[in-house]
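I have placed the structure first, in the form of structure tokens, so that the comments after it can refer back to it.
Numbering (our numbering), first residue to last: 41 to 627.
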């Protein structure tokens with residue numbers, strides 16, 4: 041469905057009033073409102089997308105209704121949802137702007153405004169914004185989580201996305217889920233990538249340096265141990281801008297170390313300061329920015345402690361934050377942004393540098409509505425050609441959705457419940473566990489659930505399932521561990537993601553409580569309390585430590601949906617929340 045003229049004009053005025061887009065840029069020539077017109081400002085334009093999770097085609101994506109901020113994060117971006125987020129950023133409710141940034145009236149708005157993202161539509165927007173700026177003065181940054189998240193990315197080992205990013209014109213990227221392929225595959229993809237892969241915190245372990253297998257590949261530096269360049273210097277007209285890379289710090293903990301046994305990561309705050317100082321001292325750039333996959337809370341803390349960074353373009357936590365957050369530090373201020381996920385947004389920062397100082401800036405987080413942006417023909421042809429061998433499998437219709445099936449949010453989403461129900465039924469288990477991933481697309485009621493949708497929710501390189509006995513005590517330990525990862529008041533101890541999803545088990549959680557004391561009232565669906573000493577039959581998938589013996593999760597879910605024919609949510613195993621009344625991160 042196309043956006044009508046009245047909605048265009050309304051959006052033009054509202055967005056300008058909100059300060060998201062400059063109202064002057066929406067000149068209606070001949071009655072046509074031009075939503076993506078943006079007057080050039082300054083002398084450097086940075087375009088940024090992140091966490092697209094290999095979504096080449098337009099999708100539906102529902103923003104979270106629960107994103108709790110605890111401690112110092114209470115009431116601050118990114119921990120705002122719904123009307124609280126709109127009010128904080130001065131965005132009027134109703135219409136397309138509300139749909140872009142919140143979950144409010146999702147189903148109705150999704151049917152009205154259509155799908156979001158898609159590389160062919162993103163390409164059109166990128167080309168337009170670059171063409172309208174001074175030649176050679178723009179950069180396109182990819183924050184990572186690009187090579188994983190779809191069936192085609194899995195089957196091509198991420199190569200489909202490397203080639204798509206080359207066509208898109210990505211200049212610099214960093215990574216996270218990229219590191220869930222084998223080290224040799226990662227380095228091969230980085231070699232084919234036409235831009236630069238940067239990471240100051242990805243190094244070869246000291247005990248592996250002597251006989252490092254890939255010493256002759258890529259940008260390995262045997263003196264510093266860096267697997268990739270820590271930063272890139274980009275010429276932008278008469279400006280030189282340093283771009284420092286920061287990969288996901290907890291990669292070997294959150295994902296299998298066995299794929300990259302010689303590589304180590306970490307927040308490495310001191311190293312970041314050293315690299316920033318080195319780049320500024322040796323390269324004398326006009327400006328320095330960081331392309332980060334820390335997660336927004338970690339970026340906000342790092343920005344307060346590391347000096348010399350003009351702006352951090354962040355990812356990992358999938359936060360679609362409409363503004364740039366200024367953070368004070370001993371050296372001045374650093375701007376922190378986060379550009380959402382799934383190709384739904386393109387962050388745009390116009391920066392004005394004078395005398396090697398960032399004087400002023402303009403920032404907008406542009407929603408990529410596929411109905412508003414014509415598909416780029418070259419990218420469309422590439423996507424169609426690349427997907428053609430896989431269409432038979434991807435387009436298989438497995439069942440019909442009765443409810444909105446989504447994932448994003450601190451606790452169980454409806455598509456997660458489908459996965460958990462499938463695990464329990466197929467594994468004849470009492471309880472099921474599914475990771476709290478934040479990637480995964482949305483299905484509307486009445487829409488066919490295809491194999492592609494299932495792959496979008498489950499496609500990782502360690503998809504094997506398991507069924508095993510666990511004690512009630514061990515189940516609680518798992519929940520407590522994940523809860524501390526999510527709600528620890530120190531961002532440096534947060535790994536991103538959301539609570540583990542559950543099937544067949546209810547519980548209460550107090551996010552404000554101390555570590556080890558957040559989870560209580562655990563019981564089976566029939567009300568039977570969980571006994572710490574008793575064993576329960578538990579089904580799950582995505583084991584990090586070692587490969588599980590069962591079938592890939594997508595086969596388990598597909599088999600379940602084929603028999604069910606209609607995907608119904610008879611019970612959503614979402615926890616009872618304690619001590620969160622009035623938290624603006626909850627609807």
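Even for Gly, the Cβ is constructed at its ideal location relative to N, Cα and C.
Cβ pair residue i, residue j closer than 9 Å
i           : j           : result
residue 136 : residue 409 : yes
residue 491 : residue 434 : yes
residue 386 : residue 87  : yes
residue 128 : residue 113 : no
residue 208 : residue 159 : yes
residue 466 : residue 600 : yes
residue 484 : residue 607 : no
residue 695 : residue 363 : Outside the displayed span of the chain (41 to 627) sits residue 695, for which this structure offers no information.
residue 333 : residue 214 : yes
residue 111 : residue 331 : no
residue 186 : residue 93  : yes
residue 623 : residue 179 : no
residue 504 : residue 590 : yes
residue 250 : residue 223 : no
residue 90  : residue 380 : yes
residue 526 : residue 449 : no
Beta-carbon proximity list for residue i, same chain, < 8 Å, skipping 5 on both sides
i           : result
residue 460 : 452, 472, 473, 474, 541, 542, 543, 544, 613
residue 367 : 340, 343, 344, 373, 374, 375, 376
residue 147 : 444, 484, 485
residue 105 : 121, 122, 143, 449, 626, 627
Straight-line Cα distance separating residue j from residue i
i           : j           : result
residue 407 : residue 156 : 8 Å
residue 425 : residue 97  : 13 Å
residue 287 : residue 270 : 10 Å
residue 306 : residue 442 : 43 Å
residue 515 : residue 388 : 44 Å
residue 578 : residue 565 : 14 Å
residue 219 : residue 361 : 26 Å
residue 163 : residue 77  : 15 Å
residue 593 : residue 241 : 32 Å
residue 382 : residue 412 : 17 Å
residue 563 : residue 470 : 11 Å
residue 225 : residue 188 : 13 Å
residue 621 : residue 524 : 20 Å
residue 115 : residue 625 : 7 Å
residue 353 : residue 212 : 12 Å
residue 149 : residue 122 : 14 Å
residue 131 : residue 297 : 43 Å
residue 252 : residue 175 : 42 Å
residue 177 : residue 246 : 39 Å
residue 369 : residue 398 : 15 Å
residue 617 : residue 549 : 5 Å
residue 30  : residue 234 : Here the chain comprises residues numbered 41 to 627, so residue 30 is not present and cannot be evaluated.
Of the listed residues the options, nearest to residue i (C-alpha basis)
i           : options            : result
residue 139 : 456, 152, 463      : 152
residue 337 : 243, 534, 102, 133 : 534
residue 538 : 294, 145, 241      : 294
residue 568 : 585, 554, 547, 586 : 547
residue 300 : 92, 216, 428       : 216
residue 588 : 508, 559, 531, 555 : 508
residue 83  : 265, 393, 267      : 393
residue 498 : 212, 192, 205      : 192
residue 243 : 308, 109, 224, 186 : 308
residue 267 : 134, 230, 167, 371 : 230
residue 395 : 278, 284, 603, 304 : 278
residue 181 : 438, 532, 210      : 210
residue 654 : 597, 561, 605      : Any property of residue 654 remains undetermined from this structure, which presents the chain solely from 41 to 627.
residue 289 : 312, 275, 276      : 312
residue 256 : 236, 227, 235      : 227
residue 517 : 528, 558, 320      : 558
Other residues of its chain near residue i: CB distance less than 6 Å, five sequence neighbours each side excluded
i           : result
residue 512 : 570, 571, 572, 574
residue 457 : 609, 612
residue 65  : Summary for residue 65: the model assigns pLDDT 28, below 50, so the residue's position carries little reliability; its value from the coordinates is reported in the next sentence. Closer than 6 Å at the Cβ level, and outside the excluded window around residue 65, lie 77, 78, 79.
residue 68  : The predicted position of residue 68 is uncertain, since its pLDDT is 28 and thus under 50; no value can be drawn from it.
residue 536 : 335, 356, 357
residue 494 : 594, 597, 598
Spatial neighbours of residue i in its chain, beta-carbon cut-off 7 Å, leaving aside the 5 residues before and after
i           : result
residue 125 : 141, 142
residue 273 : 280, 282, 323, 325
residue 488 : 437, 440
* Every unbroken beta strand (DSSP E) within the segment 278 to 308, with a cutoff of 3 residues, ordered by chain -> Listed in chain order, they are 279 to 286.
* Write down every uninterrupted run of the beta strand (DSSP E) in the segment 396 to 476 whose length is 3 residues or greater and which is fully enclosed by it, in chain order. => Runs found: 397 to 407, 437 to 441, 471 to 474.
* What are the uninterrupted segments assigned as beta strand (DSSP E) that are 3 or more residues long and contained completely in the segment 174 to 244, given in chain order? -> The DSSP assignment places complete beta strand (DSSP E) segments of no fewer than 3 residues inside the segment 174 to 244 at 178 to 182, in order along the chain.
* To do: Starting from the N-terminal side, write out each stretch of the beta strand (DSSP E) that is 3 residues or longer and does not extend beyond the segment 513 to 569.
  => List check, beta strand (DSSP E) in window: 541 to 543, 545 to 549, 559 to 564.
* Only counting runs of 4 or more residues, tell me where the alpha helix (DSSP H) segments fall wholly within the segment 316 to 381, in order along the chain. => The segment 316 to 381 contains these whole alpha helix (DSSP H) runs: 336 to 345.
* At which residue ranges does the segment 73 to 144 contain complete beta strand (DSSP E) runs of 3 or more residues, listed in the order of the chain? -> Complete beta strand (DSSP E) runs here, min 3: 84 to 89.
* To do: Kindly provide the ranges of any beta strand (DSSP E) runs that are 3 or more residues long and lie completely inside the segment 486 to 516, ordered along the chain.
  => For the segment 486 to 516, the full-length beta strand (DSSP E) segments reaching 3 residues or more read 488 to 490, 505 to 511 along the chain.
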